[in-house]
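Novice: Chains as they are written, first to last, in the working numbering: chain A, 1 to 267; chain B, 1 to 267. Idealized CB from N, CA, C, for every residue including glycine.
There are 2 protein chains.
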Amino acid sequence: MEIIDSPYNQYVKRFRVLQTVKGRREQGVFLAEGGRLIGEALDAGWPILAAAVCTDLLGPGAKAIAERLRSGDWPCYEMSPRAFSALSAEKTPSGVAIAAICATREMAELRPGPSHLVVAAWELRDPGNLGTLVRTAEFLGALALVAVGDCVDFFDPKTVRATAGAIFRLPLAKVSPEGFWRWTESEKVSVLAGVSDGGVTPESLDLCGPVTFLVGSEAHGLPLEAEQRAQGLVTIPRRGKVESLNAAIAAGICLYEITRQLDKQHT
Amino acid sequence: MEIIDSPYNQYVKRFRVLQTVKGRREQGVFLAEGGRLIGEALDAGWPILAAAVCTDLLGPGAKAIAERLRSGDWPCYEMSPRAFSALSAEKTPSGVAIAAICATREMAELRPGPSHLVVAAWELRDPGNLGTLVRTAEFLGALALVAVGDCVDFFDPKTVRATAGAIFRLPLAKVSPEGFWRWTESEKVSVLAGVSDGGVTPESLDLCGPVTFLVGSEAHGLPLEAEQRAQGLVTIPRRGKVESLNAAIAAGICLYEITRQLDKQHT
Numbered sequence: 001m002e003i004i005d006s007p008y009n010q011y012v013k014r015f016r017v018l019q020t021v022k023g024r025r026e027q028g029v030f031l032a033e034g035g036r037l038i039g040e041a042l043d044a045g046w047p048i049l050a051a052a053v054c055t056d057l058l059g060p061g062a063k064a065i066a067e068r069l070r071s072g073d074w075p076c077y078e079m080s081p082r083a084f085s086a087l088s089a090e091k092t093p094s095g096v097a098i099a100a101i102c103a104t105r106e107m108a109e110l111r112p113g114p115s116h117l118v119v120a121a122w123e124l125r126d127p128g129n130l131g132t133l134v135r136t137a138e139f140l141g142a143l144a145l146v147a148v149g150d151c152v153d154f155f156d157p158k159t160v161r162a163t164a165g166a167i168f169r170l171p172l173a174k175v176s177p178e179g180f181w182r183w184t185e186s187e188k189v190s191v192l193a194g195v196s197d198g199g200v201t202p203e204s205l206d207l208c209g210p211v212t213f214l215v216g217s218e219a220h221g222l223p224l225e226a227e228q229r230a231q232g233l234v235t236i237p238r239r240g241k242v243e244s245l246n247a248a249i250a251a252g253i254c255l256y257e258i259t260r261q262l263d264k265q266h267t
Numbered sequence: 001m002e003i004i005d006s007p008y009n010q011y012v013k014r015f016r017v018l019q020t021v022k023g024r025r026e027q028g029v030f031l032a033e034g035g036r037l038i039g040e041a042l043d044a045g046w047p048i049l050a051a052a053v054c055t056d057l058l059g060p061g062a063k064a065i066a067e068r069l070r071s072g073d074w075p076c077y078e079m080s081p082r083a084f085s086a087l088s089a090e091k092t093p094s095g096v097a098i099a100a101i102c103a104t105r106e107m108a109e110l111r112p113g114p115s116h117l118v119v120a121a122w123e124l125r126d127p128g129n130l131g132t133l134v135r136t137a138e139f140l141g142a143l144a145l146v147a148v149g150d151c152v153d154f155f156d157p158k159t160v161r162a163t164a165g166a167i168f169r170l171p172l173a174k175v176s177p178e179g180f181w182r183w184t185e186s187e188k189v190s191v192l193a194g195v196s197d198g199g200v201t202p203e204s205l206d207l208c209g210p211v212t213f214l215v216g217s218e219a220h221g222l223p224l225e226a227e228q229r230a231q232g233l234v235t236i237p238r239r240g241k242v243e244s245l246n247a248a249i250a251a252g253i254c255l256y257e258i259t260r261q262l263d264k265q266h267t
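1. Could you check whether the region 139–150 of chain A touches the region 116–131 of chain A, counting it as contact only if at least three pairs of C-beta atoms, one from each stretch, sit closer than 8 Å?
2. Here's the rule I'm using: 16 or more other beta-carbon atoms within 10 Å means buried, otherwise exposed. How should Trp183 of chain B be labelled?
3. In angstroms with no decimal places, state the Cα-to-Cα distance between Gly149 of chain B and Val12 of chain B.
4. Runs of 4 residues minimum, wholly inside the region 188–238 of chain B: which ones carry the alpha helix (DSSP H) assignment?
5. Taking C-alpha atoms, which residue in B:His116, B:Pro157 and B:Arg68 lies nearest to Gln261 of chain B?
6. Please confirm whether Glu138 of chain B has its beta-carbon closer than 8 Å to some beta-carbon of chain A.
7. Identify, in the order they occur along the chain, each residue of the same chain with its Cβ nearer than 6 Å to the Cβ of Leu37 of chain B, setting aside the five sequence neighbours on each side.
8. Should Gln52 of chain B and Phe84 of chain B be called a contact, given that it needs their Cβ atoms to be closer than 8 Å?
9. Determine which residues share a DSSP beta bridge with Tyr8 of chain B and list them.
10. Between which two residues does the alpha helix (DSSP H) containing Glu257 of chain A stretch?
11. Touch check for the region 14–33 of chain A and the region 73–92 of chain A: three-plus C-beta pairs under 8 Å?
12. Give the single residue among A:Ser6, A:Thr259, A:Leu110 and A:Gly72 whose Cα lies nearest to the Cα of Leu172 of chain A.
13. Within 8 Å of any Cβ in chain A, is that where the Cβ of Arg105 of chain B sits?
14. Going by the CB atoms, is the gap between Arg239 of chain B and Leu133 of chain A shorter than 8 Å?
15. For a contact defined as C-beta to C-beta under 8 Å, what are the partners of Ala268 of chain A on chain B?
16. For Ser94 of chain A versus Gly131 of chain A, is the C-beta spacing smaller than 8 Å?
17. What are the boundary residues of the alpha helix (DSSP H) that includes Ala137 of chain A?
18. Please confirm if the region 210–222 of chain B is in contact with the region 95–109 of chain B, defined as three or more CB-CB distances below 8 Å between the two stretches.
19. Could you give the distance in angstroms between the alpha-carbon of Leu245 of chain B and the alpha-carbon of Leu233 of chain A?
20. Just reading off the alpha helix (DSSP H) that Lys63 of chain A is part of, what are its end residues?
21. Return the CA-CA distance between Thr235 of chain A and Gly39 of chain B, expressed in angstroms with no decimal places.
22. Would DSSP call Phe155 of chain A helix, strand or coil?
23. Answer with yes or no whether the minimum CB distance from Ile253 of chain A to chain B is below 8 Å.
24. Restricting to Cα atoms, I'd like to know which of A:Gly28, A:Ala248 and A:Asp43 is closest to Leu69 of chain A.
25. 8 Å is my cut-off, CB to CB: does Gly95 of chain A come that close to chain B?
26. Less than 8 Å between C-beta atoms, sequence neighbours within five positions excluded: which residues of the same chain meet that for Thr159 of chain A?
27. Counting only C-beta atoms, is Thr159 of chain B closer than 8 Å to chain A at any point?
28. Within the 8 Å Cβ cut-off, does Arg238 of chain A reach chain B?
29. Please classify Leu42 of chain A: does DSSP put it in a helix, a strand, or coil?
30. Sort A:Gly198, A:Val211, A:Arg161 and A:Pro237 by Cα distance to Leu224 of chain A and report the nearest one.
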């Protein structure tokens, strides 16, 4: 078995370019690293194009994952620590990496029923926040998460890491603002928007599902048009002096309350 | 007016060492950067030891802050972009920095009344999570945040940034586990612990203040002893398959519900 050692090897390069938006777009695959994350991808049956393993870097948890990668239906490249470190986006490379297909859904596939919640990330800019939102939405049982407009990439390594594996379980879609509004109308989805002022508290919502909850960008919130077209505005009341909550925290509080109410309504 | 240009200048070095735990401990000061964050420190009257300004790097928002720094009761060092970049922990330095005193409270100063909540971060390891927790606690009107045991430093640049200025407003304290339990007894504070399994939902709590809410570490949660000594355990019910919520998100949901109930009880 040949072990790749050169950081300039063509396979090392093909993994490494997946750290960039351009590389991911051109190849249609993304990089996922670490035993835990890859374990989630394997368990979910996520489509994998290729794998890379470095035996010398493997921690106890990643050994079993390396074996699963070696016995899969994809090429598995064995690498030296030097070559593996060159493809890795991690400070402490784990010794296991996959090139996974950037699989998303079409909006038309999302057909929410009356107890369903779809989370909409509207031009979020921070990869960590988007990943945390995917993790929260999956944990709370949302049907899907859609990225509206010019949102940060689902498949950025920082986003993928922050999802803690939820990215391999929650249906994801990308859509333009116009496409989003068309979908809400054709699917008869109530739109709720999280805003920093002027909305009602999450617990005083009177929900009638299906519901989609809009999360605005960290710096600018939601565009005025989105607030105006929403059927309801939701605000977490502020008691202190700091200007705002972190976007992912505010969304987490609202999503918890919304899923709780939708659940209560249908049991 | 002399402009410091050398990255090896003694004042540049004194700011730069504040990026390390050791430097902060030895000097008792920490680094805060950026117009918005420093504006919060100035508005809150936070004690400042020294300031650094680089006119060539100032954006529109930071110009007024630079003026306030120049007219303060502390030395204000003028620096070239080269010197300023050498002290900064930011990828895109803002041109304003302060060395601020690491001011915390003694536990004995924290005297919670019946409607008060104190947040306890138990051995949190992620600076961003601790900072987000400080921001959330301040926003929701908590009385204070205490770091129990071997918790990440309040004054790490990543923590400070994630607080969005709340660090200059919310009383902070450090305490050993033993000191924490003594304090809860002497102040008759009910202890609630966030756990991933086996607790009640946050909305079904029956609260009698004052309350302290324990947030465990990202990887290990709370030690068994803390769960056993708590008067109540709180769990966010999971509907999806991802193993857990992000620690700061789970805490945000619980803290929102707790402050809401404490508020309702006292109005």
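Specialist: Let's see:
1. yes
2. buried
3. 32 Å
4. 224–229
5. B:His116
6. yes
7. Gly165
8. The question names Gln, but residue 52 of chain B is Ala in the sequence shown. A contact, by the Cβ cut-off of 8 Å.
9. Bridge partners of Tyr8 of chain B: none, in fact.
10. Ala247 to Gln265
11. yes
12. A:Leu110
13. no
14. no
15. Because chain A spans 1 through 267 in this model, residue 268 of chain A falls outside it and cannot be assessed.
16. no
17. Pro127 to Phe139
18. no
19. 25 Å
20. Pro60 to Arg70
21. 25 Å
22. coil
23. yes
24. A:Asp43
25. no
26. Pro127, Gly128, Leu130, Gly131, Val134, Val152, Asp153 and Ile167
27. no
28. yes
29. helix
30. A:Gly198
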